Every structure is written in structure tokens, then in C-alpha cells.
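Presented below is the structure to which this report refers.
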Amino acid sequence: MEIQIIMSEKGKELVLLNNFKYCFVRKRSKDGYIKWICTNKNCTANILTTADKKSLHQSSGEHKHLVNSQQKIERQILRENCKRKADDNISTRPLKIIRNELIKNKPTDIIYSDIQSVRKAMYDKRRKMYPVFPISLNEAISQLKLVENNCCLFNGDQFVFVPENDEFVCITTKENLKFMTTQN
Ligand SMILES: [Zn+2]
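Those letters in the sequence shown? Residues 7 to 190, per this note's numbering, in order.
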């Protein structure tokens, strides 16, 4: 039987089978099958999949809880796909990414408030890539100093320079600096 791999909120792989979700337990060394257990903490239903995570080998135990609604599953898939794309395409508007995903995957049960929550999750994800918003000039300068070599780059070169005494910020390229300091 075909199974589907989806991503959890924390970025871990989950198996989706008949709208039940299973998380990774271990890969068996004797035959290479992978064991997964139901994500519901009180449930012991578990499955074995092939090593390529493409098909179900065996399933054991019964779920003693309700199955996830189609809407909930679709929202999770949409949210995680959109979060990843928001990271990969940092300047694309969230709504455009969401629209593309909706066209591609054609979910049937998504409602308007799901779109809102996916959008918020994308903003939150992007925000984590940046330092906290500075609340004073000194804080802004010291934040820029921390990232001057690796974050604010122009064509791959450093273009934010903060002197030792933290008194100002110079925004230019190394070549410009050299040019300006070597002219008579
Ligand atoms: Zn279960």
C-alpha cells in the first residue's frame, strides 16, 4: 500500500496513512524496515514501512481515538510546504506562495481561517531568520557588528562596517573604502 510522507510542525518526517500520522521510531537492522508509531501519545498503533518510505509493510495495533479530519491534515501539509517555500524564496509574498500551493495540491477541505493561520506561520518562520528588532541606536550598531561579516552582503561581499569603538556604521564596499582612503 502506498503511503505519504508529510512534515511535522518541527520539521520531522511523518507517515500519513488513512489520515493517521506516525512518527519515526527506528530503522530495524535485521531487515531495513522502518518502524513508526502513532503521533497520539496515548496510542500504541504502529506500522512498518519499507526503507525507501514509499510503501507499507505491516501495521499493528488499533487506534483508540478519532481519526484526524481531512481539513486538519490538509492544513498541516499546506502550512509546512508554505513555510519551507517562505524560507527558500525569501522575497516572494506569502499569499503568492499559498496560492501556488493551493493550485498545485488542490485541497478540498481548507477554509479561509486556515489560510490566515498558514500565512501567520510563514511570517513567524521568516522572522526567526533575523535578529530581534533593535530598540536603541547602540543596540542596532552592536547587532550590525555581529552580522557584518556574514549576513548583510552585497554581491557576496561585506558592505556593513562597524569600527572597533562602535561609534558609527559605514555602509559601503571594501573597494569603495580602499578607493576613498588611498586618494590624495
Ligand atoms: Zn493512534
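Yeah, the Cβ is synthetic: ideal placement off N, Cα and C, and Gly gets one too. All values reported here derive from a predicted model rather than from experimental measurement.
Subject >> Pair within 7 Å by beta-carbon distance, V166 and L150 >> reply: The Cβ-Cβ distance between V166 and L150 falls below 7 Å.
Original post:
Is H63 closer than 7 Å to L28 when the C-beta atoms are compared?
Top reply: Inspection of the sequence shows that residue 28 is occupied by Tyr rather than by Leu. No, the pair does not count as a contact, with Cβ atoms beyond the cut-off.
Subject >> T188, DSSP secondary structure in three states >> reply: In the structure shown, T188 sits in a helix (DSSP, three-state: H, G or I).
Original post:
How many angstroms separate the CA atom of R132 from the CA atom of K16?
Top reply: Distance between the alpha carbons of R132 and K16 is about 15 Å.
Original post:
Do P140 and A146 have their C-beta atoms closer together than 7 Å?
Top reply: Result yes, Cβ atoms of P140 and A146 sit closer than 7 Å.
**OP:** Could you pull out every residue in the same chain whose Cβ sits closer than 7 Å to the Cβ of T45, ignoring the five residues on either side in sequence?
**Re:** Closer than 7 Å at Cβ, skipping near neighbours: L20, K27, Y28 and C29.
Original post:
Taking 6 Å as the cut-off, is the CB of N46 close to at least one heavy atom of ligand 1?
Top reply: Under cutoff, so the answer is yes.
Original post:
Regarding C29 and ligand 1, is the C-beta to nearest heavy atom distance less than 6 Å?
Top reply: The answer is no for C29.
**OP:** Spatial neighbours of L159 within its chain, please: CB distance less than 8 Å, with the 5 preceding and 5 following residues excluded, ordered by chain position.
**Re:** Apart from the 5 residues on each side of it in sequence, L159 sits with its Cβ closer than 8 Å to the Cβ of F165 in its chain, given in chain order.
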